Each structure stands twice: as structure tokens, then as C-alpha cells.
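Going letter by letter, the sequence shown gives residues 2 to 499 in my numbering. From the three backbone atoms N, C-alpha and C, an ideal C-beta is built for every residue, glycine too. Just so we're clear, the structure is a prediction, and the values are computed from it rather than from any experiment. Everything on this sheet refers to the single structure shown next.
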Amino acid sequence: MGIIARQSFKASISNYLGILLGFLSLFLLFPKFYTPHDLGAIRLLLETGAVLSSFALLGTNYSINRFFPYFKTEDKRHNGFFFWAFMIPLVGFALVFTGLIWFEKPLLALFGKDASILESLYPPLLLLVFFSLFQVVLETCNSNHGRIAVSNFLREVVLRCIILAAGTLFFLNYIDFITSVWIMVCAYGIIVIFNFIYLRTLTDIHLIPDFNFMRKNKELGKDALRFTAFLFIGGVTTLVVGKIDFLMISAKKGLTDTAIYSVGYYLAIMIEIPKRTILQVAAPIISQKMKDGNKKEVHHIYRSITLNQLLAASLIFFFIWLNIDNLFQIMPKGEIFKAGKMVIFIMGLGRLLDMVGSAGGPIIANSKYYYFSLINFLISLVVAIGANLLLIPILGINGAALATVFTFLLSNGTLIWIIYIKEGFHPFSSNHLKIMLVLSVFLIPTYFGKWLENPFLDGIVRTVVLGIPFLWICYKWKISEDFNKLLDKGLKMLKKSN
């Protein structure tokens with residue numbers, strides 16, 4: 002776990018710089034730059050692009066993680082692996098592109114009065130799908146070479162800076178709304194180019210297929226085909242489950258509600274940053290350990306990942322909820338966006354559930370039982386659609402958040418159960434319960450309202466008075482060895498600086 006912790010820490014620097022930029026954009030600047038309606042249109046574009054690019058991947062991102070160790074060679078030709086890694090997504094993009102063109106009118110009709118503005122965003126959407134597709138492919142390839150920091154920096158910092166620049170130019174009346182959207186989309190293309198250049202520094206990219214290797218390893222090819230087919234359906238289903246709330250809110254409630262929901266959704270996404278960084282490093286390691294049959298080490302990694310993810314996510318959730326009213330008070334048009342306050346709390350709890358269950362994904366994906374994931378994914382999709390259809394008309398955006406949490410609970414619970422039945426181990430320990438106990442106790446004071454009128458002073462006082470004891474108890478209780486080592490290292494650096 003030490004290697005994973007160190008790699009994740011490096012990647013987290015970019016992620017949290019990205020959080021700062023995202024916070025500035027979504028909370029302080031974009032609500033001032035754009036109307037809620039226009040902001041909702043931008044969010045819908047980006048989320049739809051993510052879903053469609055997942056279709057276009059055809060499961061390649063999963064198969065890269067699983068099968069690269071089998072293709073990897075010392076001469077860096079990797080038996081023509083990159084041909085398949087790039088060609089399959091191209092085929093997928095062609096299918097998605099054809100479908101979008103063919104069904105353009107009926108798809109736009111789903112959004113009623115908002116169809117006109119979404120029609121103008123259709124061409125940028127097509128390009129966004131292409132760029133998002135290869136961003137994922139290249140990031141996954143970089144990850145399999147043990148390097149995620151540069152890719153994370155490009156995605157979390159460079160990309161957000163360009164998007165922020167586009168919004169600023171629009172606000173200053175240098176460009177119109179559609180042009181600002183085009184710049185945001187092209188930003189993804191810039192990230193793809195830099196990721197490709199970086200991958201070239203890590204390895205040789207040979208795009209000529211090695212059919213001789215495939216003929217000698219026919220069973221590997223068949224296994225890869227089966228695996229990719231199963232995980233493609235599963236991966237798409239997972240992403241649709243995560244984004245269906247946006248699509249259904251936009252269709253049933255309109256783009257303004259989409260913008261309000263996106264604020265709560267973004268804060269919830271901040272909570273899962275630890276998962277993104279840790280799993281990005283851990284997935285290739287788990288793949289190698291599963292290939293080697295080292296289940297004892299896999300179990301150790303599994304338990305360590307869930308513990309560290311849950312602790313880090315709980316800390317983030319606590320500090321967000323502790324200062325949530327101050328955030329809305331500072332935010333431009335905060336009185337409008339405060340309607341999404343409970344979305345933040347509900348989805349925050351859902352993300353905490355995901356911290357425990359999601360670590361099982363790479364284990365199932367790299368085991369002979371990977372097909373069980375498909376069943377889990379399909380059930381989750383049905384539940385997500387049904388829950389959103391039922392709850393959005395009754396509870397609005399809060400209903401969408403509840404539907405997401407319920408889906409997370411079912412999906413992750415099933416994943417944990419499958420691993421326990423088939424592999425014989427689970428992620429839980431007494432330290433997981435300690436984290437939830439500490440979090441529950443420290444959430445109680447947050448319900449007694451603000452302490453000071455000034456939002457900045459109130460935030461500082463609340464964070465110091467409640468935040469330091471929270472950290473101290475987690476440290477003294479020795480909940481996580483990695484957390485304690487990280488805190489010890491930070492304290493030593495602080496002492497040296499003095």
C-alpha cells in the first residue's frame with residue numbers, strides 16, 4: 002500500500018489544484034458569468050459527452066488494464082498492443098457518431114423547450130465525444146506505465162484553466178456563448194495531444210498489429226474479446242447510472258434545475274477525489290497481483306484502499322458540510338443555488354458508500370468471475386432509471402440525489418458480496434466503523450446554524466474548532482497507518498521550517 006499511497010499523494014496535488022480551480026469556476030465565477038440556464042446547458046453537454054464517450058470506448062479502458070501485462074515486452078513494442086488500444090475506440094466513435102446524426106431530432110425532442118439551445122450545442126458534442134474518448138485511452142495507457150501525475154495535471158489543472166479562460170472571455174463580451182463552448186471542447190483536444198506526447202516519452206507507440214502474436218495466443222484473444230464485451234456493457238452501465246440523474250433532470254425539470262443540481266453534484270464529486278487517485282494507481286497493481294495469483298496481497302490492498310478512501314472522503318465531506326452555508330453566502334446568485342443544499346448532503350453520503358464498495362471493481366474485473374459485474378451493472382441501471390423516474394417528479398433534484406444513493410448502496414453491496422462469496426475476503430475492519438463513528442459525532446454541531454455573521458470568519462472558526470479535533474482523534478485512534486505517516490511527515494516538515 003506504501004507505493005500506492007505515494008503515487009496517489011503525488012496525483013492528489015493536481016487533483017486538489019483542480020478542485021480549487023473547479024471551485025472558483027463553478028461557485029464564484031461561472032454563476033456570475035452565465036445565467037443558470039446557460040450554465041445548465043454547459044453541464045449537460047459535458048455530462049452527455051462523458052456518457053457517449055464511454056459507449057465509444059467499447060470497454061477498451063478496462064481491457065488495457067487487464068491485458069497490457071500479457072502484451073508487455075522489454076523492447077517496448079508490446080506485441081502491437083497499441084494498435085488495438087487505439088483502433089477499437091475509433092470503431093466505437095464511428096458507431097456513436099452515426100447514431101447521433103441518425104437520431105438527432107428525436108433526441109433533441111426529449112428536452113422540450115430547451116431543444117433549440119441544445120441543437121446549437123450538437124456539433125460541439127460530437128467533437129467532445131471524440132476528444133473525451135482518447136483522453137481516457139491515453140490516461141489509461143500512461144497509468145499502466147506507472148505514471149499518472151502528468152495526466153492528472155493536464156486533466157485537473159490545464160483543462161480547467163482553459164475552460165475558465167473561455168468563461169472569462171464570454172463574460173468580458175469578447176466572444177459569444179457558443180464560441181465559449183467551442184473553446185471548452187477544444188481544451189479536451191489539447192489535453193489529448195499532450196497526453197499522447199507524454200506517452201511517447203514513456204514508451205514506443207507501435208501502431209502495427211502483431212498478428213503472429215495473436216495467432217500464437219488465440220485463447221488470450223478470445224478471453225480479451227469476452228472480457229471487453231462484458232466490461233463494455235458494464236462500464237457503460239456504470240457511467241449511465243452516474244449520469245442518468247443529469248439527463249433526466251434536464252428533460253423533466255429544465256436546464257436551470259440542472260445547473261442547481263450540478264453545484265451539489267460537483268461538491269459530491271470532490272468527496273470522491275481520493276477514490277479517483279488511489280484506484281488510478283491501484284488498478285494496474287491489482288491486475289498484476291491477480292495475474293500472479295497473489296490473493297493475500299490483493300486482500301491487503303483491498304482493505305487498505307477502502308480504509309484510506311473512506312477516511313479521506315469523510316474528512317472532505319465533513320469540511321464541506323461544516324461550511325456549506327458560508328459557501329452559498331459567498332457564491333454569486335447563492336440564493337438560487339442554495340436550493341441544492343440537501344443534494345450535497347444526500348449525495349455526499351452516497352459517495353461515502355462508494356468509497357467502500359468501488360475498490361472491489363478492479364478485483365472483479367481481473368478475476369475469472371468478471372461476468373458477475375455485468376449482472377450487477379444491469380440491475381443497477383434498471384434501479385437507477387426506475388428510482389429517478391419515481392423520485393424526480395415527487396422530490397425534484399433531491400429525488401435524483403436519493404435515487405443515486407440507493408443505486409450506490411445496491412451496486413456496491415452486491416459487489417462486496419460477490420467478492421466475499423467467490424474470493425473469500427471482504428474490505429471491512431473495525432477501523433471502518435471508527436471512521437463513521439467519528440464523522441457522525443462531529444456532524445452534530447453543524448446543525449446548530451452559523452456561529453458568526455461574516456462567512457469568512459465563521460468558516461475559519463468552525464474549521465479550526467471542529468476540524469483540528471476531528472483530525473486529532475483520527476490520528477490518536479490510529480485508524481489508518483498511511484494517514485498517520487502522512488501527518489507525521491507533514492508535522493516534521495512544519496517543525497523544520499520553524
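Best match in the options for proximity to residue i [C-alpha to C-alpha]
i, options, result
"TYR266", "ALA401, TYR303, ALA95", "ALA401"
"GLY60", "PHE87, VAL466, ILE317", "PHE87"
"THR464", "HIS427, LEU316, LEU108", "LEU316"
"ALA42", "LYS276, TYR123, LEU96", "TYR123"
"PHE228", "VAL137, ILE306, TYR63", "TYR63"
"ALA340", "ASN399, ILE436, ILE234", "ASN399"
"LEU47", "LEU308, ARG161, PHE231", "ARG161"
"ALA313", "PRO275, ASN295, GLY349", "PRO275"
"PHE197", "PHE135, PHE231, THR180, GLY243", "PHE135"
"ILE436", "ASP205, ILE461, PHE318, LEU240", "PHE318"
"ILE209", "PHE82, VAL138, ILE286", "PHE82"
"SER39", "GLY50, SER121, ILE286", "Correcting the residue type first, residue 39 is Asp in the shown sequence and not Ser. Of the listed residues, the one whose Cα sits closest to ASP39 is SER121."
"TRP478", "THR238, ASN432, ASP326", "ASN432"
"LEU91", "SER55, LEU108, ILE469", "SER55"
"ILE1", "LYS342, GLY23, MET494, GLY397", "The requested residue 1 is not part of the displayed model; the chain covers only 2 to 499."
"ILE469", "LYS497, LEU403, LEU323, LEU109", "LEU323"
"THR204", "SER144, ILE179, ILE380", "SER144"
"PHE471", "ASN377, THR278, ASN327, PHE320", "PHE320"
"ILE14", "GLY50, SER152, LEU108", "SER152"
"LEU440", "LEU467, SER430, GLY50, PHE84", "LEU467"
Proximity of residue i and residue j at Cβ, strictly below 7 Å
i, j, result
"LEU30", "THR259", "no"
"ALA57", "GLY100", "no"
"CYS142", "LEU200", "yes"
"PHE409", "GLY351", "yes"
"PRO354", "ASN309", "Note that residue 354 is Leu in the sequence shown here, rather than Pro. No; because the gap between Cβ atoms is not below 7 Å, this pair is not in contact."
"PRO428", "TYR262", "no"
"ASP246", "THR405", "yes"
"TRP452", "VAL462", "yes"
"GLY358", "LEU416", "yes"
"LEU311", "MET356", "yes"
"LEU411", "VAL242", "no"
"VAL97", "LEU240", "no"
"LEU513", "ILE345", "This structure gives no information on residue 513, because the portion of the chain shown stretches from 2 to 499."
"PHE132", "VAL193", "yes"
"TYR421", "PHE231", "no"
"ALA252", "LEU119", "no"
"ALA283", "ILE250", "no"
"ILE234", "LEU375", "yes"
"LEU488", "TYR476", "yes"
"THR238", "PHE378", "yes"
"LEU109", "ALA116", "yes"
"PHE338", "VAL384", "no"
Opening and closing residue of the alpha helix (DSSP H) in which residue i lies
i, result
"HIS300", "296 to 323"
"ASP258", "256 to 272"
"PRO37", "37 to 58"
"ASN399", "398 to 424"
"SER181", "178 to 203"
"THR141", "123 to 144"
"VAL357", "342 to 358"
"ILE445", "Where ILE445 is concerned, there is no enclosing alpha helix (DSSP H), given that its DSSP letter is neither H nor E."
"ILE480", "Here ILE480 belongs to no alpha helix (DSSP H), and DSSP marks it neither H nor E."
"PRO333", "It is not in any alpha helix (DSSP H) - PRO333 carries neither H nor E in the DSSP assignment."
"ARG161", "160 to 172"
"ASN153", "150 to 154"
"VAL462", "456 to 463"
"TRP452", "Segment: none, TRP452 is in no alpha helix (DSSP H) and carries neither H nor E."
"PRO107", "105 to 110"
"PHE429", "Counting along the chain, PHE429 falls outside any alpha helix (DSSP H), and DSSP gives it neither H nor E."
"LYS339", "Per DSSP, LYS339 belongs to no alpha helix (DSSP H) and is neither H nor E."
"LYS33", "31 to 34"
C-beta neighbour in chain C for residue i, strict 7 Å
i, result
"ILE149", "In summary, chain C is missing from the structure at hand, where a single protein chain is found."
Would you check if there are 3 or more beta carbon pairs closer than 8 Å linking the segment 283 to 301 to the segment 365 to 385? yes
Meets three-Cβ-pair contact criterion under 8 Å: the segment 326 to 343 and the segment 449 to 467: yes
Would you call the segment 178 to 194 and the segment 116 to 133 in contact, with 3 or more CB pairs under 8 Å? yes
Any contact between the segment 14 to 21 and the segment 146 to 160? By contact I mean 3 or more CB pairs, one from each, below 8 Å. yes
With three or more C-beta pairs closer than 8 Å as the rule, is the segment 379 to 397 touching the segment 439 to 447? no
Mind the definition here: the segment 24 to 38 touches the segment 168 to 183 only if three or more C-beta pairs lie below 8 Å; say whether that holds. yes
Meets three-Cβ-pair contact criterion under 8 Å: the segment 348 to 367 and the segment 480 to 494: no
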